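In the numbering used here, the protein residues as written are 1 to 203.
For glycine and all other residues, C-beta sits at the position ideal for the given N, C-alpha and C.
Keep in mind that this is a model prediction, so the values were computed, not measured.
Below: one structure, written as structure tokens.
Below, the structure is given as structure tokens:
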């Protein structure tokens with residue numbers, strides 16, 4: 001129990017340190033903060049706000065010419081029908097292995113609850129558990145080595161309320177033209193902001 005409490009305390013201290021680093025970083029830029037709300041809007045120094053979305057890929061490179069033409073036509077129509085102030089850019093973000101690690105940890109947890117009755121079975125269980133631990137570590141290391149090309153859309157608004165309304169309308173409009181937009185998580189937004197201000201740094 002004391003170990004668990006110590007671990008929780010360490011996690012809290014690490015989180016506080018991360019928040020301090022981000023706050024110090026934001027002070028050096030024209031950003032004020034990321035709002036601590038569900039949508040985590042980015043607030044600029046003039047109190048206007050920005051929302052960040054990932055434009056999901058459509059696999060256009062793997063389809064025929066006619067399908068590519070249709071995809072481009074839909075995207076052009078989406079842009080022409082949109083009246084909001086937005087910017088689209090290409091950037092790199094780390095590859096996420098969260099789902100893979102979560103799946104492997106569940107398997108490891110199931111094995112940890114097993115109680116083999118023979119020495120041979122116990123040895124086999126430990127080998128399986130060790131293999132899963134190595135797979136988890138490999139997935140974590142991949143996040144540090146690999147990166148994805150991402151297409152990001154920045155949507156601007158005067159207030160957080162206005163931005164939320166614009167965001168809902170924009171996502172709905174995009175969906176009607178056969179492509180999806182997904183809001184970035186606060187952590188992903190921090191990575192984007194860091195990369196924008198440190199262009200030569202690999203995330």
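For this session: Return the first residue and the last residue of the alpha helix (DSSP H) that residue 54 is part of.
Result: By 1-based counting over the chain shown, the position of residue 54 is 54. DSSP places residue 54 outside any alpha helix (DSSP H); the residue lies instead in the beta strand (DSSP E), whose first and last residues are 49 to 55.
For this session: Please confirm whether residue 81 and residue 196 have their CB atoms less than 8 Å apart.
Result: If you number the chain shown from 1, residue 81 lands on position 81. If you number the chain shown from 1, residue 196 lands on position 196. No. Outside cutoff.
Exercise. So, using beta-carbon positions, are residue 205 and residue 182 closer together than 8 Å?
Worked result: Because the chain spans 1 through 203 in this model, residue 205 falls outside it and cannot be assessed.
Exercise. Can you give the Cα-Cα distance for residue 185 and residue 67, rounded to whole angstroms?
Worked result: Here the question's residue 185 lines up with position 185 in the chain shown. Here the question's residue 67 lines up with position 67 in the chain shown. Within the model, the alpha-carbon separation for residue 185 versus residue 67 is close to 31 Å.
Exercise. Where does residue 236 fall in DSSP's three states?
Worked result: Here the chain has residues from 1 to 203 only, and residue 236 is not among them.
For this session: Taking the CB atoms as reference points, tell me whether residue 101 and residue 140 lie closer together than 8 Å.
Result: By one-based count along the chain shown, residue 101 stands at place 101. By one-based count along the chain shown, residue 140 stands at place 140. Closer than 8 Å, so yes.
Exercise. Can the beta-carbon of residue 41 be found closer than 8 Å to that of residue 163?
Worked result: On the chain shown, residue 41 is found 41 positions in, with the first residue counted as 1. On the chain shown, residue 163 is found 163 positions in, with the first residue counted as 1. In this structure, residue 163 lies closer than 8 Å to residue 41 by Cβ.
For this session: Mind checking which residues open and close the alpha helix (DSSP H) that includes residue 81?
Result: By one-based count along the chain shown, residue 81 stands at place 81. Unbroken alpha helix (DSSP H) run through residue 81: 65 to 81.
Exercise. From what residue to what residue does the alpha helix (DSSP H) around residue 175 run?
Worked result: As a working note, residue 175 is residue 175 in the chain shown. First-last of the alpha helix (DSSP H) with residue 175: 160 to 176.
Exercise. Which residues in the same chain have their Cβ closer than 7 Å to the Cβ of residue 180, if we skip the five residues on either side of it in sequence?
Worked result: Numbered from its first residue, the chain shown carries residue 180 at position 180. 56, 174.
For this session: Less than 8 Å between the CB atoms is what I'm expecting for residue 154 and residue 71, so what's the real figure, rounded?
Result: Your numbering for residue 154 matches position 154 in the chain shown. Your numbering for residue 71 matches position 71 in the chain shown. So it is not a contact: roughly 22 Å between Cβ atoms.
Exercise. Quick one, which of 150, 121, 111 has its alpha-carbon nearest residue 132's?
Worked result: For this step, residue 132 is matched to residue 132 along the chain shown. Checking every option, the nearest Cα to that of residue 132 belongs to 111.
Exercise. Based on Cα-Cα distance, which residue from 108, 118, 137 lies nearest to residue 128?
Worked result: Working through the chain shown from its first residue, we reach residue 128 at position 128. The residue with the shortest Cα to Cα distance from residue 128 is 108.
Problem set entry | Where residue 126 sits in the DSSP three-state scheme | Along the chain shown, read from residue 1 onward, the residue named residue 126 stands at position 126. In the structure shown, residue 126 sits in a helix (DSSP, three-state: H, G or I).
Exercise. Among the residues of its own chain, which have a CB less than 7 Å from the CB of residue 116, if the five just before and after it don't count?
Worked result: In the chain shown, counting from the first residue as 1, residue 116 sits at position 116. Closer than 7 Å at Cβ, skipping near neighbours: 122, 125.
Problem set entry | Candidates 105, 14, 97, 91, of which the one nearest residue 130 by Cα | Residue mapping note: residue 130 aligns to position 130 of the chain shown, counting from 1. Per the Cα distances, 105.
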